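Just add 5 to wherever you are in the sequence shown, counting from 1, and you've got my numbering. Notes follow the structure.
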Amino acid sequence: MAISKGAKRTDGLESADPVKMVVEEIAKKSQTVADLFLIGVETQLRGVDLRSWRWDELDIGSKVLRITQNKTKEAVEVELTETEREVLCSGTLNLAT
């Protein structure tokens, strides 16, 4: 799985190589955890927000994840990158509904 070329939230990285290495190492033990880590890197969501979102908050068609942030209680929309959509459509994640 590659980091999206257009991932706005990873632009601060000089290179995506360290992220790729971490994802590959995590995937050796759990592809689900590696996928969640990659989504976390690309969305920059807090861990608690990643753990609490549900499938009904996701609209793959419009490429948007709508969540209420746990800490701020603010509703936010996160535009999904190509990588995130690929991970979410792969069927490896089993999120609560």
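Don't be surprised by glycine CBs; every beta carbon is placed ideally from N, CA and C. In this text, all values refer to a predicted model and were calculated from it rather than measured experimentally.
Query: Coil, strand or helix - L31 by DSSP; Result: It should be noted that the sequence gives Ile, not Leu, for residue 31. Three-state DSSP puts I31 in a helix.
Query: Beta carbon of E82 nearer than 9 Å to that of V69; Result: yes
Query: L85 to E30 span [Cα, whole Å]; Result: 24 Å
Query: Distance between beta carbons of L93 and L63, contact taken as under 8 Å; Result: 7 Å
Query: Contact check, L43 vs V28, beta carbons under 9 Å; Result: yes
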